[in-house]
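In terms of my numbering, the sequence shown opens at residue 137 and continues consecutively. As structure tokens, the structure follows; a few thoughts come after it.
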Amino acid sequence: QGDGRVTFVVLDNARIHHGIEQATLDRWLVQHRMVLFYLPTYSPELNLIEMVWKHAKYHWRRFITWTRETLDAEISALLGGYGDKFQINFS
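Below, the structure written as structure tokens:
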């Protein structure tokens, strides 16, 4: 990251993401040229990882052994298909 660009880190509003003292966090973020961006509360449709958790819970939880390669391929296919093949719909 020696090119001077700032890195944006997107987080949901889970309590664990707010557990570090603000002054300590601010110093670390400035030192590492990072900015935190929190998603709005109760907006899982904006958080792609929610799609992975939902798929894991309802489709991948069969009684089989997953290799790292198989799981990596499944996640790549899932995230690659976001928008046409897969969507987040919590209604």
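Note that beta-carbon positions come from the ideal geometry of N, C-alpha and C, so glycine has one too. Keep in mind it's a predicted model, so treat the numbers as computed, not measured.
Applying the 10 Å Cβ sphere with the 16-neighbour rule, what's the burial state of residue 214? buried
Same chain, Cβ closer than 8 Å to residue 176, five either side skipped, listed in chain order: 149, 182
Taking the continuous alpha helix (DSSP H) assigned at residue 175, which residues delimit it? Premise fails: residue 175 is in no alpha helix (DSSP H) and is neither H nor E.
Tell me whether residue 143 sits in a helix, a strand or coil according to DSSP, three-state version. strand
Report the rounded CA-to-CA distance for residue 179 versus residue 186, giving the unit in angstroms. 10 Å
Is residue 153 near residue 147, with beta carbons less than 8 Å apart? yes
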